[in-house]
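Note that the numbering used here gives residue 1197 to position 85 of the sequence shown, counting from 1, and the numbers run on in steps of one.
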Amino acid sequence: MSNLLNEGVATFPRRADRVNLHEAALAEVTASYSELFRQGGISISPDLINEAAEATEGYPFLIQLVGYYLWLEADKAGWKLDQTNVQRGIAAAQRRNTLVVVESALSDISERDRDFLDAMAAQDGPSAAGQIGALLKAKRNVVSKYRNRLIAAGLIESAGYVKVDFAISGLRQYLRE
């Protein structure tokens, strides 16, 4: 999509409203997987369904990817999923998410944007503006500028008063590697 937009020939995607698919509740993901696998004749334990649902973190694209890769694993395993199949399916979905979503999202950010994200990745959970400023040795207005840019880019989101967190599943782990 980025390549298409950068070519300047596609005005429709630039004008189109962005629809933010918010996180789904893990209970809903678990129920959906349970029903889907039952209807598909796939044997899988409730614990493994929970593990698969938790791996999605409620992100719509990961819900789709995990389900898809588990279905492929089930096909190879005679329609019965065990711990090994589920872990393989989850790993494949996470690799695909990294390639398609994470790396694509980072492809056109500035070095200072990346520094901001790296400062966030150094922390567990939401990051306070003061923590980021201290790590970057930056003033409040500079932190605010990059915070706003990264929120607008969809890489981070507000997580309460003066706090932000990653908006893309797997981004923190990718930056830490």
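The beta-carbon is built from N, C-alpha and C at its ideal position, and this holds for glycine as well.
{"Item": "Per DSSP, I1161 forms a beta bridge with which residues?", "Value": "Looking at the DSSP assignment, I1161 forms no beta bridge with any residue, so it has no partner."}
{"Item": "Is the stretch 1210-1221 close to the stretch 1230-1238, with three or more CB pairs under 8 Å?", "Value": "no"}
{"Item": "Return yes when the Cβ of V1178 is within less than 8 Å of the Cβ of A1189, no when it is not.", "Value": "no"}
{"Item": "So the candidates are G1266, K1275, E1223; which of them puts its Cα closest to the Cα of L1283?", "Value": "G1266"}
{"Item": "When you measure from the CB of A1246 to every non-hydrogen atom of the ligand ATP, does any distance come out below 7 Å?", "Value": "Absence of the ligand ATP from the depicted structure is noted, as is the absence of any ligand whatsoever, leaving it without description."}
{"Item": "Taking DSSP as the reference, what is the three-state secondary structure of I1268?", "Value": "strand"}
{"Item": "Taking the C-alpha atoms as reference points, what is the distance between I1202 and E1140?", "Value": "18 Å"}
{"Item": "Suppose you measure from the CA of E1223 to the CA of N1260; what does that come to, to the nearest Å?", "Value": "16 Å"}
{"Item": "Classify S1146 as helix, strand or coil using the three-state DSSP reduction.", "Value": "helix"}
{"Item": "Could you spell out where the alpha helix (DSSP H) holding K1188 opens and where it closes?", "Value": "1172-1188"}
{"Item": "Beta-carbon within less than 8 Å of L1248's beta-carbon, same chain only, minus the 5 sequence neighbours each way: which residues are those?", "Value": "D1227, F1228, A1231, V1254, V1255"}
{"Item": "Is Y1171 near E1135, with beta carbons less than 8 Å apart?", "Value": "yes"}
{"Item": "Where does K1251 fall in DSSP's three states?", "Value": "coil"}
{"Item": "Within this structure, are the beta carbons of A1246 and K1275 separated by less than 8 Å?", "Value": "no"}
{"Item": "Looking only at C-alpha atoms, which of E1147, L1160, Q1206, V1198 sits nearest to A1173?", "Value": "In the sequence as displayed, the identity of residue 1173 is Phe instead of Ala. That would be Q1206, whose Cα lies nearest to the Cα of F1173."}
{"Item": "To the nearest angstrom, report how far apart L1138 and L1148 are at their CA atoms.", "Value": "15 Å"}
{"Item": "Leaving out the 5 sequence neighbours to the left and right, which residues in its chain are closer than 7 Å to A1143 when beta-carbon positions are compared?", "Value": "none"}
{"Item": "Tell me K1192's beta-bridge partners as DSSP assigns them.", "Value": "S1155"}
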